[in-house]
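Colleague: One structure is given below, represented as structure tokens, and several questions about it will come after.
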Amino acid sequence: MGAPSEDRKQYQREAFHADDPAAGPLTTDQGVEVDHTDDSLAAGERGPTLMEDFHFREKLTHFDHERIPERVVHARGAGAYGYFEPYESCAEFTRAAFLQDPSVRTPVFVRFSTVQGPKGSADTVRDVRGFATKFYTSEGNYDLVGNNFPVFFIQDGIKFPDFVHAVKPEPHNDIPTGASAHDTLWDFVSLQPETLHAIMWLMSDRAIPRSYRMMQGFGVHTFRFVNAEGRGTFVKFHWKPKLGVHSLVWDEAQECQGRDPDFNRRDLWDAIEAGEYPEWELGVQLVPEEDEFAFDFDLLDATKIIPEEQVPVRPIGRMVLDRNPENFFAETEQVAFHTGNVVPGIDFTNDPLLQARNFSYLDTQLIRLGGPNFSQIPVNRPVAPVRTNQRDGYHQSAIHRGTNYFPNSLGGGCPAHAGVDGHAYTHYAERVDGAKIRKRSESFQDHYSQAALFFHSMTDWEKQHIVDAYRFELGKVGAMTVRARTVEQLAKVDGELATAVARGIGVPEPAAQETPYKQESPALSLDALRGDGSIRTRQIAVLVTDGVDAAQVTSVRETLAAEGAIVEALAPADGTVKGADGETYTVDRALPTVASVLYDAVLVPGGPDGTPPVAEDPDALRFVRSAYLHGKPVGALGSGVEVLSVLQPQGVELSAGSRGVIADRGVVTDASPGAAGAEFARAFVAAIAAHRHWDRPPVRH
Ligand code: HDE
């Protein structure tokens, strides 16, 4: 609770300062000052509008053309600026300038996205998340256009339109929005077993991240580092978030879609505004060229990971995002990524998915951004000098001078071939020969072992969530043949999984069959990715009303804030509450405007006269119940503990009259009058650091 009269409006009025062009009078696009923009020019007060009203025509015409085509996939996103710095020189493996010197910070722009839904869809859908980074390096732009899954659904880019058509809303009625739970996707999946591994990730909690700040990123393909001597090394890129990897539960993710469709975008924006800059470590898995065939899968197959136990991830630098864009359209919407944007020292492999992407990204920008000059848009502009003989075209904003061809003598031979200072891009001279054929390599034919590896590496609660997700998704599929065929495919991955899914969706259980896959990779479980255990930026709700023991709130709030958590006082109505001490305290938000799904934990303080202040408020009770069912920490102090009786139907036992701190599966209580000691705060912080408490029956998934 804070001081009253705080202005909570978040709009950035300070953006308009005196030297901002918007500070002057309104003008037309031609700079002619406009004295009146509220009425059209008309023949008489009640007469028709006149064609000669150039201001009206210009304003409406511009408005009519405000939209550009949204991205065909990854339409909805959020972006931020920041920087990257390497920990040490990577010269042994790559000559890329931005990976040489720890004292050099390379600016970046990152865009996170969902894939299936349109620009206006909700954030917390079950989907892959895009994680695309543009490094503005001294040698030109490098784009690492990755996802939060390390594998993709198909092996060859020629299948991409089929896959995307299948997952997108169905063509006859444009349903569903932002969801994969429908017939056409599962029809495709059941017929195309190469999708199974990525689908396993999609059914896991990785597909519903708690925050963009709390998810991993992966380059997916095997790329190639090339050092100054021209030696190549295969490389896979990994981004690891400092705050650890955390997810929502499905029930919560669905409720969030209505409560706050911008849940992930807002979280990123707010954290950066608050100075809580998200950070990731860049890691690489390096494979010497001579080990190309040392694996039981093909390095060129984007449906496979290299298990970290086989090739450890080596940290090489860190990225911090510390600035929000100023204009969503200009920056986040117009940013144009392209896998073909590489710098010397980073090269491709023959992964057929990557090869297709190298065509598709440039092609898509031509239609989306309306012509070939999109690299001149500020967010796309390299910091390295650009000297080309490319000319003209839509939206050309450069005023080119001199000659526009090579070779020339009239322009002094400029721009000349690069090469003298060693910064020119040289393609890795890989030897290639083969017959011209349409045929998938035999080494791409195993579609089951790594799907099984992922499933077997999960903890019990993660496995249960995967089963529940399959049941949900397939339960929405109308064609029973598709449900049955998917179960048959799953049986080739893991018999128990297939049986558990079949039992939930009304199809015959598959015949028992032993699968040969026994391997596990512990690094894949979310339990292995909890980060440093800090509770920084976790959102903690404290439920207050008149009569609240403000001293308790203040004491716990101080401890939580010192740990970096964000504490908000929620009351039945906005404004202020009167504490038991007679003082007035400001409420942060009114309970009817929020919900438990928007917070990470809840605390119920008591009142000094032994009455729990929020015991009568239905929103408060629902809040506590929902937090509990989603596995979140629930804390209560003094008479606030009585409010937790709402959890008794869930099997929570409250030892009434008990004194002292009790921490049981994330429910932390101290019923002593006036309780709020350091011991309680410590136990509550530990419960929050654990994020979720899966050992608490029954948790709703
Ligand atoms: Fe993309 N993808 N993709 N993709 N992709 C696009 O480019 C494409 C793939 C990814 O925030 C499009 O500018 C093909 C894998 C991200 O602006 C398009 C294939 C991975 C983003 C396109 C793939 C990705 C895109 C749509 C198979 C993870 C959003 C708009 C061969 C490694 C970037 C655009 C942003 C966007 C094509 C597969 C990640 C159409 C043909 C694999 C993060 O060009």
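Residue 543 in the numbering used here sits at position 546 of the sequence shown, and the numbers go up by one each step.
Glycine residues also receive a C-beta, built at the ideal position from the N, C-alpha and C atoms.
(1) Find out if the Cβ-Cβ distance for the pair Arg662, Arg622 is shorter than 7 Å.
(2) So that I know if they touch, is there some Cβ in chain B lying closer than 7 Å to that of Gly76?
(3) Using beta-carbon positions only, say whether Asp597 and Ala587 come within less than 7 Å of one another.
(4) Does the distance from the CB of Phe260 to the CB of Thr121 come in under 7 Å?
(5) With a cut-off of 8 Å on the beta carbons, I'd call Trp198 and Phe451 a contact; round off their distance for me.
(6) The alpha helix (DSSP H) with Gly229 in it runs from where to where?
(7) How is Ser135 classed by DSSP in three states: helix, strand or coil?
(8) Report buried or exposed for Arg68, applying the criterion of at least 16 other Cβ atoms within 10 angstroms of its Cβ.
(9) Smallest Cα separation from Phe677: which of Asn138, Gly416, Val664?
(10) So for Lys56, helix, strand or coil by DSSP?
(11) Helix, strand or coil, according to DSSP, for Phe403 in the structure here?
(12) Using beta-carbon positions only, say whether Gly607 and Phe681 come within less than 7 Å of one another.
(13) Just checking my contact of Val553 with Ala687 at CB under 8 Å: how many whole Å lie between their CB atoms?
(14) Report the three-state DSSP secondary structure of Met48 (helix, strand or coil).
(15) Once you ignore the five residues that flank Leu47 on each side, which residues in its own chain have a CB closer than 7 Å to its CB?
(16) Distance, Cα to Cα, Val161 vs Asp32?
(17) When every heavy atom of the ligand HDE is checked, does at least one fall within less than 6 Å of the C-beta of His424?
(18) Let me know the secondary structure DSSP gives Pro104 once reduced to three states.
(19) According to the Cβ coordinates, are Gly501 and Arg468 closer than 7 Å?
(20) Are the Cβ atoms of Arg207 and Leu240 separated by less than 7 Å?
(21) Using a Cβ-Cβ cutoff of less than 6 Å, which residues in the same chain neighbour Gly(-1) once the five nearest sequence positions on both sides are dropped?
(22) Could you tell me if Phe128 is buried or exposed, where buried requires 16 or more neighbouring beta carbons within 10 angstroms of its beta carbon?
(23) Roughly how many angstroms separate the alpha carbons of Gly76 and Val599, rounded to a whole number?
(24) Taking three-plus beta-carbon pairs below 8 Å as touching, is the segment 180 to 194 in contact with the segment 476 to 496?
(25) List the whole-angstrom C-beta distance separating Asp348 from Leu297, where the pair is believed to meet the contact cut-off of C-beta under 8 Å.
(26) Given Glu328, which residues of its chain have a CB within under 7 Å of its CB, disregarding the five upstream and five downstream residues?
(27) Can Gly561 and Arg533 be called in contact, C-beta distance under 7 Å?
(28) Taking only heavy atoms of the ligand HDE into account, decide whether any of them is closer than 6 Å to the Cβ of Asn401.
(29) What's the call for Gly576, buried or exposed, on a 16-neighbour Cβ count within 10 Å?
(30) Under DSSP, the alpha helix (DSSP H) around Arg256 begins and ends at which residues?
(31) Run the proximity test for Thr219: is its beta-carbon closer than 6 Å to any non-hydrogen atom belonging to the ligand HDE?
(32) Regarding Ala612 and the ligand HDE, is the C-beta to nearest heavy atom distance less than 6 Å?
(33) Using 7 Å as the threshold, is the C-beta distance between Pro258 and Ala119 below it?
(34) Along the chain, where does the beta strand (DSSP E) that runs through Thr581 open and close?
(35) Quick one: Cα of Gly637 to Cα of Trp247, how far?
(36) In terms of residues, what are the limits of the beta strand (DSSP E) holding Tyr78?
Modeller: From the atom records:
(1) On the sequence shown, position 665 is the one that residue 662 refers to. On the sequence shown, position 625 is the one that residue 622 refers to. Result no, Cβ atoms of Arg662 and Arg622 do not sit closer than 7 Å.
(2) The structure shown contains no chain B; it is built from a single protein chain.
(3) Here the question's residue 597 lines up with position 600 in the sequence shown. Here the question's residue 587 lines up with position 590 in the sequence shown. Contact: no.
(4) The residue you call residue 260 lines up with position 263 of the sequence shown. The residue you call residue 121 lines up with position 124 of the sequence shown. Cβ distance < 7 Å, so Phe260 and Thr121 count as in contact.
(5) Residue mapping note: residue 198 aligns to position 201 of the sequence shown, counting from 1. Residue mapping note: residue 451 aligns to position 454 of the sequence shown, counting from 1. Right, their Cβ atoms sit about 7 Å apart.
(6) Here residue 229 is taken as the residue at index 232 of the sequence shown, counted from 1. Run containing Gly229: none in the alpha helix (DSSP H); it sits in the beta strand (DSSP E), 229 to 238.
(7) Indexing the sequence shown from 1 puts residue 135 at position 138. Here Ser135 carries a coil assignment [DSSP, helix/strand/coil].
(8) Along the sequence shown, one-based indexing puts residue 68 at 71. Answer is buried; the Cβ neighbour count reaches 16.
(9) What you label residue 677 is simply residue 680 of the sequence shown in a count that begins at 1. Comparing alpha-carbon positions, the option among Asn138, Gly416, Val664 lying closest to Phe677 turns out to be Val664.
(10) Residue mapping note: residue 56 aligns to position 59 of the sequence shown, counting from 1. Here Lys56 sits in helix by DSSP.
(11) As a first step, residue 403 must be located in the sequence shown, where it is residue number 406. Residue state, collapsed to three classes: coil.
(12) Counted from its first residue, the sequence shown places residue 607 at position 610. Counted from its first residue, the sequence shown places residue 681 at position 684. No. Outside cutoff.
(13) By one-based count along the sequence shown, residue 553 stands at place 556. By one-based count along the sequence shown, residue 687 stands at place 690. Under the criterion of beta carbons closer than 8 Å, Val553 and Ala687 do not qualify as touching, at roughly 17 Å.
(14) Here residue 48 is taken as the residue at index 51 of the sequence shown, counted from 1. Reduced to three states, the DSSP call for Met48 is coil.
(15) Locating residue 47 in the sequence shown gives position 50, where the first residue counts as 1. The answer, listed in chain order, is Leu38, Ala39, Ala40.
(16) The residue you call residue 161 lines up with position 164 of the sequence shown. The residue you call residue 32 lines up with position 35 of the sequence shown. Going by the C-alpha atoms only, they are around 50 Å apart.
(17) By one-based count along the sequence shown, residue 424 stands at place 427. Relative to the ligand HDE, even the nearest heavy atom lies 6 Å or more away from the CB of His424.
(18) Locating residue 104 in the sequence shown gives position 107, where the first residue counts as 1. Strand at Pro104.
(19) The residue you call residue 501 lines up with position 504 of the sequence shown. The residue you call residue 468 lines up with position 471 of the sequence shown. By the CB criterion at 7 Å, Gly501 and Arg468 fall inside the cutoff.
(20) Reading the sequence shown from its first residue, position 210 is the one you call residue 207. Reading the sequence shown from its first residue, position 243 is the one you call residue 240. Not a contact, by the Cβ cut-off of 7 Å.
(21) Sequence index remark: in the sequence shown, residue -1 carries index 2 (1-based). Confidence is the limiting factor: at Gly(-1) the pLDDT is only 47, short of 50, which leaves the residue's position unreliable, though a coordinate-based value still follows. Cβ-Cβ distances below 6 Å link Gly(-1) to Thr583 in the same chain, with the five nearest sequence neighbours on each side left out; the list follows chain order.
(22) Residue mapping note: residue 128 aligns to position 131 of the sequence shown, counting from 1. It counts as buried.
(23) The residue labelled residue 76 in the question sits at position 79 within the sequence shown. The residue labelled residue 599 in the question sits at position 602 within the sequence shown. Val599 has its alpha-carbon roughly 30 Å from the corresponding atom of Gly76.
(24) These segments touch.
(25) For this step, residue 348 is matched to residue 351 along the sequence shown. For this step, residue 297 is matched to residue 300 along the sequence shown. A Cβ-Cβ separation of about 4 Å places Asp348 in contact with Leu297 under the 8 Å criterion.
(26) Working through the sequence shown from its first residue, we reach residue 328 at position 331. Excluding the 5 residues flanking it on each side, Glu328 has same chain C-beta neighbours closer than 7 Å at Gly76, Pro322, Val376, in chain order.
(27) Translated into the one-based positions of the sequence shown, residue 561 becomes position 564. Translated into the one-based positions of the sequence shown, residue 533 becomes position 536. Result yes, Cβ atoms of Gly561 and Arg533 sit closer than 7 Å.
(28) Here residue 401 refers to the residue found at position 404 of the sequence shown. Not so, every heavy atom of the ligand HDE lies at least 6 Å from the Cβ.
(29) Locating residue 576 in the sequence shown gives position 579, counting from the first residue. Within 10 angstroms of the beta-carbon of Gly576 lie 16 or more other beta-carbons, which makes it buried.
(30) The residue you call residue 256 lines up with position 259 of the sequence shown. Taken as a continuous stretch (DSSP letters only), the alpha helix (DSSP H) holding Arg256 covers 247 to 256.
(31) For this step, residue 219 is matched to residue 222 along the sequence shown. No, the ligand HDE has no heavy atom inside 6 Å of this Cβ.
(32) Residue mapping note: residue 612 aligns to position 615 of the sequence shown, counting from 1. No, since every heavy atom of the ligand HDE falls outside the 6 Å radius drawn around the Cβ of Ala612.
(33) Counting from 1 along the sequence shown, the entry for residue 258 is found at position 261. Counting from 1 along the sequence shown, the entry for residue 119 is found at position 122. Yes, the pair counts as a contact, with Cβ atoms nearer than the cut-off.
(34) Counted from its first residue, the sequence shown places residue 581 at position 584. Where Thr581 is concerned, the enclosing beta strand (DSSP E) stretches over 581 to 583.
(35) By 1-based counting over the sequence shown, the position of residue 637 is 640. By 1-based counting over the sequence shown, the position of residue 247 is 250. If you draw a straight line from the Cα of Gly637 to the Cα of Trp247, it is about 29 Å long.
(36) Walking along the sequence shown from the start, residue 78 turns up at place 81. Residues 74 to 83.
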